[in-house]
Structures are given as structure tokens and as C-alpha cells.
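So the first sequence is residues 917 to 1220, counted in this note's numbering.
C-beta atoms are modelled at their ideal positions from N, C-alpha and C, and glycine is treated no differently.
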Amino acid sequence: MIRQRSNLIERCPECGNSTILQDSKSAELVCTNCGFVLTTDMTDMGPEWRAFTPEERKTKVRVGAPQTFMLHDKGLSTKIDWRDIGNFAPKKKAQLYRIRRWQQRIRVSDSIEKNLAVALSEMSRLCETLNLPRSITETAAIIYRKAAKKRLTRGRSIHGLAAASTYFACRQCRIVRSLSEVSMASGINRKELASNYRFLVREFRSFVPPVKPRHYITRLSNQLRLNSKTEEIAHKISRAAKNEKLTSGRGGKSIASAAMYIACKIAGENRTQREFAEAADLTEVTIRNRYREMINRLLIMVSL
DNA sequence: CGGAGTAAAAGGCACTT
DNA sequence: AAGTGACTTTTACTCCG
């Protein structure tokens, strides 16, 4: 679902204010006044570059499609139309045919290029189904290119590696998309996706920080349309839980959900454990366990 | 229905063989 | 690459108001 930017300048249905902001970091449209989230199905239509001065803008702006990592030739090579427009002499026709054939050979020359072409289009499609912003698509493309350059694609499925690169990009850019989500969208089984991802991380010797509870809180509160005040309380509880050493070893999702559940109680927003469990893709039992610990430990803190 | 709680099975991770 | 062990999460279930 692609929406033009012009369609987005509308009134916020929550507060009537018309200051809507594209939050490309979490791929959401947010009202700057009340924090209401209008849509999460956002496509970033902006340029891939930034300019800070008019001079810079002048040098960067250009005609034609922007250069992109999403095309195997970065969108730079020449394309020759497949048809003959106009009447040509047979000799000319033959020449055109030869030119076209060579152009084709040059454009998608070796096996790496062919591999790239398939992978990049697959990643574009995947990012679109996952409603990921353009920046992620580009990052995923860069990761895949790096892998291809290191010849890591050998003996592995292109689709599997493409999905893993996309997941990698999400983790690097702190945009929460779970392995299951990427797995569902790509049709790659979860375990294979996870192992491909680990393989890439190992090969690149890169350290990817785990997803922190606060990232989940931000996403879940948008997903469940929670009050921004409630979200704030949840962040505080989550920080307090961390100080009380309740977070190590536990999944970030469970900490976030429990903190948010408590925050809702405090703020008087009636939400069920079930709602959180569904949104965060875990069970009520897990939320109860974390939440019980928090209540106990944080009450001790209060009584001291 | 929403929630508290439990035991046992399953899952994921660091670490070894 | 398979095995191990400590640990978390899920499954499946009972009970409460």
C-alpha cells in the first residue's frame, strides 16, 4: 500500500491538529500534537540524501531516478528499448540487435550480478510487505552486496540470504521486526532464517546489540494505541526493573509487556494481558511471571 | 471473561566434545 | 555438528471472583 505524501497532510482524527509527522525511524505517521499514530503502513517517498545548506541541496539534487543500492547496477547503466521505433533498413536493424545484445551482456554480466539482481528485487518486495522504510531497504541491499562480494552466497539460497540481510538491516537500524515476521513475509522458515542471520553476523564480525525493552515499548504502545503518558510510565517501570536486576536473561518483549501492563493499571487504561500477549507475540503466563516479579520488587523499593 | 498460579514440555543460548 | 546444562517461555490445565 503506497500513499503519496500529499495525502498525508490531513487532520489528526484524535485532536484535530494538522501537524502530522513522518517518523521514518519507526516507519509510522505520528501527530506532533498528541502522539496519535495514524498509520504504520508508510512508505518513505523522500530522497535518499540529506542536505543542510542551499548549496548542498543544489549539488545533490538531480534529474532522473536517484542512485540506489536496490538495483544491481545502482540504476546507472543505460537501457535500450526493446522495440524498434520507426522504420530501419535491414542493415541498421541488425546493428541495433547486436548493440542490444551486448548491452544486455554488459548490464548483467557475471554470475554475481545475476545473483544480485534476483536478491535485490526479492528484498524490495520483502521490505514492502513488512512496511519498512526506504532506508532499511537500502541498508539490506548494502549488507547483501557485502555478502556477495565476500562470496558468502555460494551454496546458500538467494532468498534465504536476502531475508537474513533484511532482518539484519532491521536489527542494525533498531526497527523492531521479529524473526517470525520476516519469516512469514519471506516464506523462509524461521530456523533457516535465524541460522543465515547468525552466519552473516559471524562472517562480518559485527556486534548487533539485542533489542532493548524500550524499543518494544515504543512499538507496542503505537500498535495498541496507548496514551503517551502511559508509555512514559512504562519506560520508567522498565528502567526501574533494570536497576533492580530483573531484566538480565529475560526477553526484552516480556519486560516491555509487563511494564506496559502495569503502566496501564496505574494510568487507569484498562487493557488485558491477552491484548499485550497477542501484540507482543508471547503468552499471558510470561507476562504474569515478569509482572509478578516487578510488583514484588518495586513494592519493596517503595516500602524502603 | 480476566486473571493467578503450577508442572512439565519445549525452546534458545553458551559452552564443550 | 551434535550434546549438555542452566535458564526462559510455552503448553495445558485448575481454580478464583
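Out of the options, which has the shortest C-alpha to C-alpha gap to residue i?
i, options, result
"residue 1039", "1126, 1211, 1084, 1187", "1084"
"residue 1140", "1114, 1186, 1155, 1128", "1186"
"residue 1193", "1136, 1149, 1104, 1161", "1136"
"residue 1071", "1053, 1031, 1049", "1031"
"residue 1163", "1060, 1106, 1126, 1189", "1126"
"residue 874", "1053, 1190, 1069, 1006", "Outside the shown range of the chain, which is 917 to 1220, sits residue 874, and nothing can be said about it."
"residue 1184", "1105, 1149, 1131, 1048", "1149"
"residue 1055", "1080, 1188, 1144", "1080"
"residue 1073", "1108, 1058, 1044", "1108"
"residue 1128", "1060, 1143, 1167, 1121", "1167"
"residue 1156", "1121, 1214, 1165", "1214"
"residue 1221", "1143, 1068, 1130", "This structure does not reach residue 1221, given that the chain is present from 917 up to 1220, and the question cannot be answered."
"residue 1145", "1178, 1061, 1124, 1060", "1178"
With residue i and residue j assumed to form a contact (beta carbons below 8 Å), what rounded beta-carbon distance in angstroms separates them?
i, j, result
"residue 1158", "residue 1196", "The pair is not a contact, with the Cβ atoms about 18 Å apart (cut-off 8 Å)."
"residue 1035", "residue 1078", "4 Å"
"residue 1154", "residue 1182", "Residue 1154 to residue 1182, Cβ: 13 Å. No contact."
"residue 1119", "residue 1046", "Not quite, the Cβ-Cβ distance comes to about 24 Å (not below 8 Å), so this is no contact."
"residue 1064", "residue 1028", "6 Å"
Looking at the structure shown, is residue i part of a helix, part of a strand, or coil, going by DSSP?
i, result
"residue 1066", "coil"
"residue 969", "coil"
"residue 1143", "coil"
"residue 1110", "helix"
"residue 1196", "helix"
"residue 1006", "helix"
"residue 1058", "helix"
Would you report the Cα separation of residue i and residue j, rounded to the nearest angstrom?
i, j, result
"residue 1041", "residue 1200", "34 Å"
"residue 1103", "residue 1212", "42 Å"
"residue 1100", "residue 1106", "8 Å"
"residue 1147", "residue 1180", "9 Å"
"residue 1165", "residue 1131", "17 Å"
Stretch pair the region 1196-1214 + the region 1164-1175: three plus CB contacts closer than 8 Å: yes
Stretch-stretch touch, CB-based, cutoff 8 Å, three pairs: the region 1096-1113 with the region 1067-1087: yes
Cβ contact check for the region 1087-1099 and the region 1137-1156: 3 or more pairs under 8 Å: no
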